[in-house]
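Novice:
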Amino acid sequence: MIVWYVLKNTLLINAVLLSVITNAYAETIEDGRAWLNLTLTGALPAENWRWYAELQPRLREEGSHLDQVLLRPAIYYNLTKQSSVWAGYAHVITHPAGKSAFDEHRLWQQYLYQFSPVGDLAIQSRTRLEQRFIENSDDTGYKLRQMFRVMMPSGIDSRLSWVLYDEYFINLNQTDYGAQKGFDQNRAFVGANWTITPQAKFEFGYLNQHVKTKHADLVNHVLSSTFNFSF
Numbered sequence: 080m081i082v083w084y085v086l087k088n089t090l091l092i093n094a095v096l097l098s099v100i101t102n103a104y105a106e107t108i109e110d111g112r113a114w115l116n117l118t119l120t121g122a123l124p125a126e127n128w129r130w131y132a133e134l135q136p137r138l139r140e141e142g143s144h145l146d147q148v149l150l151r152p153a154i155y156y157n158l159t160k161q162s163s164v165w166a167g168y169a170h171v172i173t174h175p176a177g178k179s180a181f182d183e184h185r186l187w188q189q190y191l192y193q194f195s196p197v198g199d200l201a202i203q204s205r206t207r208l209e210q211r212f213i214e215n216s217d218d219t220g221y222k223l224r225q226m227f228r229v230m231m232p233s234g235i236d237s238r239l240s241w242v243l244y245d246e247y248f249i250n251l252n253q254t255d256y257g258a259q260k261g262f263d264q265n266r267a268f269v270g271a272n273w274t275i276t277p278q279a280k281f282e283f284g285y286l287n288q289h290v291k292t293k294h295a296d297l298v299n300h301v302l303s304s305t306f307n308f309s310f
């Protein structure tokens with residue numbers, strides 16, 4: 080019952096948000112995409128400190144063209160067993176269709192909190208603030224991202240869990256590179272997480288990315304896969 084309640088309300092909220100946003104724009108452009116993600120984490124010499132690194136190539140147009148490559152390193156400090164604070168950097172190379180590739184540099188900070196289990200549910204909150212510096216732009220973009228993530232046992236195999244998350248993006252300012260203040264995008268994911276070993280996990284599933292632009296709504300249907308390794 081708890082699982083159904085969380086799923087039902089998450090989907091309902093997404094449906095309302097998408098309906099409101101879609102009604103404000105005349106055109107919706109859809110695309111099939113694939114995101115591949117490799118994440119590594121490990122301990123640092125100082126107590127409670129850890130490092131993190133993420134490499135993520137993204138493909139567009141049904142996976143036929145490279146869209147972006149993200150490199151995202153960070154360090155974080157475990158405040159408690161349930162919470163941590165992070166500071167990181169990201170280098171993003173974007174390959175827009177019909178245009179030259181350009182670079183983006185980001186600084187980001189986040190707070191990660193793991194709620195106490197609710198029955199079989201593991202619920203996590205991630206709040207991230209980004210400062211974005213884009214090539215040939217004079218403005219710095221500020222973006223707030225809020226994600227809630229739920230994991231639950233599959234009931235099929237102890238190594239398999241179901242995963243559901245939603246992440247909402249808000250631009251905190253308007254910029255000369257086209258960012259509009261307010262809602263930026265929403266990402267909703269449903270999939271599975273497979274524990275290969277205690278130090279290695281594989282997550283895969285479907286991600287719906289809804290992006291607001293000046294002229295149209297972009298709806299990307301993303302096949303998402305992530306390998307996580309912990310040292």
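If you count by this note's numbering, then the sequence shown holds residues 80 to 310, one letter each, in order.
Every residue, glycine too, gets a C-beta built ideally from N, C-alpha and C.
As the structure is a computational prediction, the values presented were derived from the model and not from experiment.
1) Does the structure place the segment 210-219 close enough to the segment 189-202 that three or more beta carbon pairs sit under 8 Å?
2) Write down the C-beta distance between residue 295 and residue 107 rounded to the nearest angstrom, noting that I regard them as a contact closer than 8 Å.
3) When you compare only the Cα positions, how much space is there between residue 151 and residue 233?
4) Should residue 258 be labelled buried (16 or more other beta-carbon atoms within 10 Å of its own) or exposed?
5) With distances taken Cα to Cα, identify the nearest neighbour of residue 308 among 162, 265, 279 and 275.
6) Quick one, which of 253, 249 and 203 has its alpha-carbon nearest residue 217's?
7) Buried or exposed: where does residue 285 fall if 16 or more other Cβ atoms within 10 Å of its Cβ makes it buried?
8) At 3 residues or longer, what runs of the beta strand (DSSP E) sit wholly inside the segment 121-208?
9) Can you grab the Cα-Cα spacing for the pair residue 306 / residue 239, in whole Å?
10) So, under 8 Å CB-CB, residue 171 and residue 149 are touching, yes? Tell me the CB distance rounded to an integer number of Å.
11) Mind checking whether residue 297 and residue 269 have CB atoms under 8 Å apart?
12) Would you check if the distance between the CB atom of residue 300 and the CB atom of residue 140 is smaller than 8 Å?
13) Indicate the three-state DSSP secondary structure (helix, strand or coil) for residue 301 in the structure shown.
14) Could you give the distance in angstroms between the alpha-carbon of residue 161 and the alpha-carbon of residue 276?
15) Starting from residue 221, follow the beta strand (DSSP E) in both directions and report where the run begins and ends.
16) Can you tell me where the beta strand (DSSP E) holding residue 245 begins and where it ends?
17) Taking the alpha-carbon of residue 245 as reference, which of 230, 235 and 251 has the nearest alpha-carbon?
18) Run through DSSP, which three-state label would residue 40 get?
19) In the DSSP assignment, what are the bridge partners of residue 280?
20) Would residue 177 and residue 142 be called neighbours here (beta carbons separated by less than 8 Å)?
21) With 16 other CB atoms within 10 Å as the buried threshold, where does residue 123 fall?
22) Return the CA-CA distance between residue 117 and residue 261, expressed in angstroms with no decimal places.
23) So who's on the other strand from residue 315, going by DSSP bridges?
24) Contact check, residue 249 vs residue 227 under 8 Å by CB: the rounded distance?
Specialist: According to the structure shown:
1) no
2) 6 Å
3) 30 Å
4) buried
5) 279
6) For the residues 253, 249 and 203, the minimum Cα distance to residue 217 belongs to 253.
7) exposed
8) 128-139, 144-157, 162-173 and 181-193
9) 14 Å
10) 5 Å
11) no
12) With respect to the 8 Å criterion, residue 300 and residue 140 are not classified as neighbours on the basis of their beta carbons.
13) strand
14) 22 Å
15) For residue 221, the enclosing beta strand (DSSP E) starts and ends at 219-232.
16) 239-250
17) 230
18) Residue 40 lies beyond the range of the chain shown here (80 to 310); nothing can be said about it.
19) Partner(s): 274 and 307.
20) no
21) exposed
22) 30 Å
23) This structure leaves residue 315 out entirely; the chain is present only between 80 and 310.
24) No, residue 249 and residue 227 are not in contact; Cβ-Cβ is about 15 Å, not under 8 Å.
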